[in-house]
Structures are given as structure tokens and as C-alpha cells.
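S.K.: Could you have a look at this structure, given as C-alpha cells, before my questions?
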Amino acid sequence: MKITGAKAIPLLILAIVWTCLAARIPGGITAEAQFSRASPARTASPAPVVRRTSRTSSLSARRTDPNSKPAQVNPILQRVLEVSGRTEQKGPELLLDKNTSKARISSIRTVDFYLRDGKLIFGKLIAEDRNKVIVERIEGSKIIVATYSKRDMDSRTLQAKNVSANKYYLELAEYFAGRTFDFTDDPDDFIQAIRFYRIAKQLIEGTSQLDIEKSKEIDLKVAQLEADREVWTKQVQSRAKLRELEFQAEFQKRFSELEAKIDASAQKIDESIAKIDEALADVKQNTETLEKNIPAMEQDLRRRLDVLGSEVEANRRLLDPYGRYPRRNYGYRSRY
């Protein structure tokens, strides 16, 4: 029968106690009897039975003797009892170390590879078969799960390794913590960083002294992130007020510029209207002048035509003194 460590200690103590009692009691058990005690299969021999009976009678005699002194505890026996007590106290700690060693075994499989277009893909491996790979990876301030066909990747660059879950989530937390205060998805970055720090703490909490110190360090980082988030909130509010003031100032500036441009355009329009009015006045004046001068001009033209007709008639008479050619009416005679 296989004897475990937990059962071996009581048996060892029992053997030592038995040896001490046998050494102090007269007519005690011999080596042969001890051997028969340790081996139950040999208890059929008569000699050990007789000796056991004598030992029992001697023990009864010593117990019934009123003048007998109390037995002193053997120092060796006392030392053995102290060692056994310490061993029993250390038992739960050994079990705790076994449990913590199991907790440390937890790991995450990561993968990285290049696509055929040269893009690097890396993250947590979710699943893999001969056709595709499913990876949980980071994209900006988000964690996405994407599926990649093995025909689209360079299979020579595919690498997979196991990393500690604690280390993996700590790296994620530090990544998102480093993206804060860039005023681009900062609320998501704060939430993700705090969440991954707490996950990492759950993976190491309740283990060795070093892990307890790491847990305290993570608590400090989480507290610092929460304080930074409050500062960020105040800064965002102040930035919002500042932007509102900047918007109002810019609006007032542009409104003033637009108003000045409108005034300049209105002034130019007024000047153009004044010029048009002046031109219309000139046209009206010229029209009135023409209306007054047209009859006089017509009379002058008719007078000149009459003079010209008279000259033509005189020249005709010189050329045709006998009137051989008929006279024609040129229609230039004035009807006035």
C-alpha cells in the first residue's frame, strides 16, 4: 500500500512513541514484537502474544499502583510532537501554494502575421483551422474580432506564442492608458484601461507576497487613472467653455467683417445709382433739347433743299433752253 506524506507523519510519531514506551517499561516489547506489530500478517506467532499480555499486565500494575510517580515525558517525544504540530500548521500554506501555482499556469495564446498586402496583424488567437484564423486585436480605441483567410496571409510569417494572462492584460491596460489626454475617444480609453487593470489584478490577487505587491501597484494605477479622468472631465468642461467663447468671438469678428462688406457694397451701389441718375438726367435733358431743335432743323433742311432745287432748275434751263425734255417734280418744294 502506498503511504502518502500526510499519513507518514502520524505513523512515524506512533513508531517513536512506541519505541520510547518500550524502552521505559520493564519487560517491554522486543524487536520481534515490534516487527510483528508493524506487520499484521505475522500476528499468529505465540511468542509475541505472550509478551503483549505481559506488557498489558505490567501497564495495569503501574496504573493501579498509587505510590507510583507520574511518568516523565521523553524529550525526544516532545520534540517530535512539536515538529508534527508545525507540520500541521504549514499544511494549508502548502495547499495555497498549489492553488496559486495553478492560477499562474493560466496563459493566453497570441498570434502575429503579415497579410499579402504588407499589413501586420497581431492579437489574441480566438480560433484557428486550416482555412482561417480568428484574432481579437486592437484598432484605435476599440477591440475587434476579425477573421482572416489563410489565402490572404503570408503563412511563412505566422507566429504563435503563449504569454501570461496577467502580462497580456497589463499590456492592454498600459496601451489604453497611454492614449488618454489626446482628446480623441478619451472616455473609451479610460474605461478600457481601468477594466484591463482590474482583470489583471484578478489574475494575480491572493498569491505570493510579490503578487500582492503587484496587486497594490495596480490599485495605485487604477486610482491614478480615476483621478486623471476627473481632471480630464474638468479640462473638457473648461475647453468647452473656452471653445464657446472662441466661437462667440469668431462669430462676432466674422459678423463685423460681413457687416463692413455689406456697408461697402451698399455704398458702391449708392454711388452706381447716383451715376445712373445723373446719366438719366443727361439723357432727359438731351431729349428735351432734341425735341425743341427738331422742327428748326427740319425747316432749315427744307430751306436748303429749296435752294438746291432752284439751282437745279436753273442749270436745266441752261442745258435745255427749248424745253425738249419734260420737267420732273423732284418733290423738294416746301409745303409750308
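The sequence shown begins at 18 in the working numbering and counts up by one.
We treat Cβ as the ideally placed atom computed from N, Cα and C, and that holds for glycine.
Measure how close the beta-carbons of Ile-143 and Ile-151 come, nearest whole angstrom, since I'm counting them as under 8 Å.
M.R.: For the purposes of this step, residue 143 is taken as the residue at position 126 of the sequence shown. For the purposes of this step, residue 151 is taken as the residue at position 134 of the sequence shown. So it is a contact: roughly 4 Å between Cβ atoms.
S.K.: Check this for me: beta carbons of Leu-237 and Asn-183, under 8 Å apart or not?
M.R.: Indexing the sequence shown from 1 puts residue 237 at position 220. Indexing the sequence shown from 1 puts residue 183 at position 166. Result no, Cβ atoms of Leu-237 and Asn-183 do not sit closer than 8 Å.
S.K.: On the three-state DSSP scale, how would you describe Leu-142?
M.R.: For this step, residue 142 is matched to residue 125 along the sequence shown. Reduced to three states, the DSSP call for Leu-142 is strand.
S.K.: On the three-state DSSP scale, how would you describe Arg-80?
M.R.: Walking along the sequence shown from the start, residue 80 turns up at place 63. Because Arg-80 sits at a pLDDT of 44, beneath the cut-off of 50, its placement in the model cannot be relied upon, and the point is left open.
S.K.: Would you kindly work out how many angstroms separate the C-alpha atoms of Ser-62 and Leu-227, rounded to a whole number?
M.R.: By 1-based counting over the sequence shown, the position of residue 62 is 45. By 1-based counting over the sequence shown, the position of residue 227 is 210. Caution applies to Ser-62, whose pLDDT of 40 falls short of 50 and renders its modelled position unreliable; the value that the coordinates give is listed next. Whole-angstrom Cα-Cα distance: 60 Å.
S.K.: Under the assumption that Leu-210 contacts Ala-194 (Cβ atoms under 8 Å), give the Cβ distance between them as a whole number of angstroms.
M.R.: As a working note, residue 210 is residue 193 in the sequence shown. As a working note, residue 194 is residue 177 in the sequence shown. Note on residue identity: the sequence assigns Ala, not Leu, to residue 210. Contact flag correct, Cβ pair sits at about 4 Å.
S.K.: Could you please give the first and the last residue of the uninterrupted beta strand (DSSP E) stretch that includes Asn-183?
M.R.: Here residue 183 is taken as the residue at index 166 of the sequence shown, counted from 1. Run containing Asn-183: none in the beta strand (DSSP E); it sits in the alpha helix (DSSP H), 182–195.
S.K.: Check whether the Cβ atoms of Ser-172 and Ser-124 sit closer than 8 Å, and answer yes or no.
M.R.: Walking along the sequence shown from the start, residue 172 turns up at place 155. Walking along the sequence shown from the start, residue 124 turns up at place 107. No.
S.K.: Pick helix, strand or coil for Lys-231, following the three-state DSSP scheme.
M.R.: One-based indexing of the sequence shown puts residue 231 at position 214. Correct three-state label for Lys-231: helix.
S.K.: In angstroms with no decimal places, state the Cα-to-Cα distance between Thr-117 and Phe-139.
M.R.: Stepping through the sequence shown from its first residue, residue 117 is reached at position 100. Stepping through the sequence shown from its first residue, residue 139 is reached at position 122. In this prediction, Thr-117 scores a pLDDT of 43, lower than 50, which makes its location untrustworthy; no coordinate-derived value is stated.
S.K.: Write down the C-beta distance between Lys-149 and Thr-164 rounded to the nearest angstrom, noting that I regard them as a contact closer than 8 Å.
M.R.: Sequence index remark: in the sequence shown, residue 149 carries index 132 (1-based). Sequence index remark: in the sequence shown, residue 164 carries index 147 (1-based). Contact holds; Cβ gap of about 5 Å.
S.K.: Using the three-state DSSP reduction, which class does Leu-275 fall into: helix, strand or coil?
M.R.: In the sequence shown, the residue the question calls residue 275 occupies position 258. It is helical.
S.K.: For Asp-203, does the count of other Cβ atoms within 10 angstroms reach 16, so buried, or fall short, so exposed?
M.R.: The count along the sequence shown starts at 1 and reaches residue 203 at position 186. Looking at its Cβ environment, which holds 16 or more other Cβ atoms inside 10 Å, Asp-203 is buried.
S.K.: If we count the other Cβ atoms within 10 Å of its Cβ and call it buried at 16 or more, is Asp-323 buried or exposed?
M.R.: Taking the sequence shown and counting its residues from 1, one reaches residue 323 at position 306. Classification of Asp-323: exposed, given that the 10 Å Cβ count is below 16.
S.K.: Exposed or buried, Ile-13, counting other C-beta atoms within 10 Å across all chains shown (16 or more means buried)?
M.R.: The structure shown does not extend to residue 13, since the chain is modelled only from 18 to 353, so the question has no answer here.
S.K.: Relative to the alpha-carbon of Asp-169, which residue among Ser-255, Phe-268, Leu-28, Asp-134 has its alpha-carbon at the smallest distance?
M.R.: As a first step, residue 169 is located in the sequence shown; it is residue number 152 there, counting from the start. Cα-wise, what sits closest to Asp-169 is Asp-134.
S.K.: Give me the Cβ distance between Arg-256 and Phe-207, rounded to the nearest whole Å; I'm assuming they're in contact under 8 Å.
M.R.: Here residue 256 refers to the residue found at position 239 when the sequence shown is read from its first residue. Here residue 207 refers to the residue found at position 190 when the sequence shown is read from its first residue. Arg-256 to Phe-207, Cβ: 16 Å. No contact.
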